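The block underneath contains the structure these notes are about, expressed in structure tokens.
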Amino acid sequence: MKRKKHYIIYMYEKLVVGVVALLLIWNSNRAYGQSVISTSQEDSWLEDSLLTEDAVYEYTFTDFDKARRIMARLRSERLLPAFELDKVEGDLYFNTGHYYQALIYYRNALVNDSVRLVPERYMDQLHRMISCYDCLHNDEQKAYYVRLLLKEAEAEGNQPMQSVALFNMGKMIYYQGQKEDGYKMMLQAVSLMEQTDYKYKYDNLRYNYNTLLVFYNMDNRPQEALEISNRLERILTSQKEGVSEMQGLEAREEKSLCAHRAVIYNDLGQKEEARKQYERFLELREKYGRDDYLIWPYLFAIKKYDEIIRMNTEREKRMKLEGDTVNYHMTTIKQSLGKAYQMKGDYRRAAAYFKQLAVLRDSIKVREQQSAALELAAIYDSNQKDLQLHKQEAEIQRHWIFLIFLLSVSILLGFFLWWTVRYNRLESFKNRAMANTINDLLVYKEDLEQKRKENFALREELEALRQNQSIPEEVSEAESAKIAVPDEKENKLDRLLFDRLVRAITDRKLFLQANISREELINLVHIPKNKFASLFRQYAGTTFSVYMNNLRLMHAAELLKNQPNYTITAVAAECGMKESTFYRLFVNKFGMTPMDYRCKCNTDDKKEE
261 MKRKKHYIIY MYEKLVVGVV ALLLIWNSNR AYGQSVISTS QEDSWLEDSL LTEDAVYEYT
321 FTDFDKARRI MARLRSERLL PAFELDKVEG DLYFNTGHYY QALIYYRNAL VNDSVRLVPE
381 RYMDQLHRMI SCYDCLHNDE QKAYYVRLLL KEAEAEGNQP MQSVALFNMG KMIYYQGQKE
441 DGYKMMLQAV SLMEQTDYKY KYDNLRYNYN TLLVFYNMDN RPQEALEISN RLERILTSQK
501 EGVSEMQGLE AREEKSLCAH RAVIYNDLGQ KEEARKQYER FLELREKYGR DDYLIWPYLF
561 AIKKYDEIIR MNTEREKRMK LEGDTVNYHM TTIKQSLGKA YQMKGDYRRA AAYFKQLAVL
621 RDSIKVREQQ SAALELAAIY DSNQKDLQLH KQEAEIQRHW IFLIFLLSVS ILLGFFLWWT
681 VRYNRLESFK NRAMANTIND LLVYKEDLEQ KRKENFALRE ELEALRQNQS IPEEVSEAES
741 AKIAVPDEKE NKLDRLLFDR LVRAITDRKL FLQANISREE LINLVHIPKN KFASLFRQYA
801 GTTFSVYMNN LRLMHAAELL KNQPNYTITA VAAECGMKES TFYRLFVNKF GMTPMDYRCK
861 CNTDDKKEE
């Protein structure tokens, strides 16, 4: 009983420890969450209404730093899916000319299962990869992704993406010298895009028209260029429902269109119209200072070399301040400055710029050869950050898994504890009832044994009287009939034999002898062998072995109750049984173990005291 109490106390202690552990883990997770939130407090001044994907695009050109802060908040608070975050941040850097950095995020989005396994998203991301490699002048990688996009678009029957792939193929063919084939493919792509209701239809058409304008102006084809400029103007001035615009995009596009038209009208001989377009270009230049290179063909045509030198010098200084001077934008600047000084007759400065141009082109080639290494380094740095983020996520996940596991174990432990207490109570109640039953049986056994002895003595006295006295002559007919029945005499004789057998077994305690046999009892009481088994079946209602075991078990119960110093082994030996046999028979007869019965008897004795 003490062992059970100690066990229950032990289980309670385990439950308390589990609850304390749960509280500690919960507190650690809460503290971790607070530390993560504190990292973004520096951007807490950003309004919640700005924490959207559209806000990043809105401030891309007008306030790049603000757009980056919004992007950082979106990522730190995970307000968008992982692939969306990579896509938007890639667009942020691509639209501002940071192509290598954009490529990192575009590649991360491309390999994400949420993109890779969804055709629409996959093709959209392939489009971004193509644009990025196009700006980096990496024709090999660009061609690879163009083939992937065209194959996927044809398989899915996606007309907008077929248009994107065809236009980029046309550009590559144009640069390879097959200009007419290139124009044909690019115009086919434009026609396909114009027939779609693609979400980014107008963005793609703006890009396509501007690219065609550059090519037509370079090839001195003003009529085709004028037609394309008119189509571009219709797009820029039309109202497009459901299309979000970037701040500054309208001024940028109008400035580019004015530059193209200044070149076109000048080539067509419409000098006054060209001048108006140039003046409008200068007004818009105050709002948006990029893409000045589009006006340079016009300035060269009207021999405004000083203006070309001024614009290029400003742009050169700006790029040096930005820190990146080894790129194709700088080659355009060096070439324009060299050509402008040459046209002015300043050959010394022209030669200096052409020399710088040659060195710059060599540097770009070296840089392009090393671009793979630069990309790998950037990817490694990004992967390290992602790995750190994944580690933090995995740590939180492990905490939650352990928390759930510990909670489940605590619930199971609590249920097991409840079941154990309930089972112990039921067992205690049952054992108490069984112990009382056994005690009643012992009392009844003593009374029965006393009555049996008295009856047996009386029967022997009557038998002796009958043998010594003769039967009276006048006997009633009923009594004569009874005496005359042979079966009745035989039954009385059998009963007498059984009583003698029981008296011998109980008085001499023969049932305590482990090896007592039937033959010994038959010889002792002088019972016919053929009657031995039938006597037990008729008068005891059981077999000889079961009868003997019942006597042994009742005697064992007396010992367990009255002899608390006896071990179970000693009690079994006293009753002439092996311990295992004794244990099994006791449980089968009384429904409780010998030890439980003894403990219950001891408990009752203490209560009585």
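Here the sequence shown stands for residues 261 to 869, numbered as in my numbering.
Think of the CB as a built atom: it goes at the ideal place given N, C-alpha and C, for glycine as much as any other residue.
Since this is a predicted model, take the numbers as computed values, not measurements.
Spatial neighbours of R545 in its own chain (CB-CB distance under 8 Å, excluding positions within 5 residues in sequence) are listed in chain order as K515, D552. The stretch 474-483 makes no contact with the stretch 456-466: fewer than 3 CB pairs, one atom from each, lie closer than 8 Å. Rounded to whole angstroms, the separation of the alpha carbons of V669 and I656 is 20 Å.
Across the structure, F758 and V806 are spaced so that their CA atoms are roughly 16 Å apart. Sorting R578, E532, G583 by C-alpha distance to the C-alpha of I562 places E532 at the top.
Taking C-beta separations shorter than 8 Å and ignoring five residues to either side along the sequence, the partners of M855 in its chain run I828, following chain order.
Exposed is the label assigned to E653, since fewer than 16 other Cβ atoms lie within 10 Å of its Cβ. By the Cβ rule, the stretch 405-412 does not count as touching the stretch 436-456, because fewer than three pairs are nearer than 8 Å. Comparing alpha carbon positions, the residue from Y799, V785, L770 closest to K752 is Y799. In this structure, the CA atom of A830 is about 52 Å from the CA atom of I664. Within the stretch 745-822, the runs of alpha helix (DSSP H) that reach at least 4 residues and sit entirely inside it are, in chain order, 746-767, 778-785, 789-799, 804-822. In the structure shown, S374 falls within a helical segment according to DSSP collapsed to helix, strand and coil.
Of the residues E582, M571, R608, K326, the one whose Cα lies closest to the Cα of T592 is M571. Here the C-alpha atom of L408 lies approximately 25 Å from the C-alpha atom of G357. At the C-beta level, A600 and I569 come within 8 Å of one another. As the crow flies, the alpha-carbon of V348 is around 47 Å from that of R608. Exposed is the label assigned to N490, since fewer than 16 other Cβ atoms lie within 10 Å of its Cβ.
Sixteen is the threshold: when 16 or more other Cβ atoms of the shown chains lie within 10 Å of the Cβ of L813, as they do, the residue is buried. A Cβ-Cβ separation of about 19 Å leaves R388 out of contact with G430 under the 8 Å criterion.
Cβ-Cβ distances below 7 Å link Q448 to L426 in the same chain, with the five nearest sequence neighbours on each side left out; the list follows chain order.
Runs of the alpha helix (DSSP H) lying entirely within the stretch 483-565 and spanning at least 4 residues, in chain order: 509-527, 531-545, 556-561. Contact check for L620 and V586: beta-carbon distance about 7 Å, within the 8 Å limit, so the pair qualifies.
Taking a C-beta distance under 8 Å as the contact criterion, P379 and N477 do not qualify as a contact pair.
D399 and Y565 have their C-alpha atoms roughly 34 Å apart. Contact between Y548 and R512 holds, with the beta-carbon distance rounding to 5 Å and staying under 8 Å. Counting the other Cβ atoms within 10 Å of the Cβ of Y319 gives 16 or more, which makes it buried. L465: member of the alpha helix (DSSP H) spanning 461-478, first to last residue. Burial check for V406: the Cβ neighbour count within 10 Å reaches 16 or more, so the residue is buried. Every candidate beta strand (DSSP E) stretch fails here, since none sits fully inside the stretch 834-858 while reaching 3 residues.
Secondary structure within the stretch 408-460: the alpha helix (DSSP H) runs of 4 or more consecutive residues, fully enclosed, are 419-435, 439-454 (chain order).
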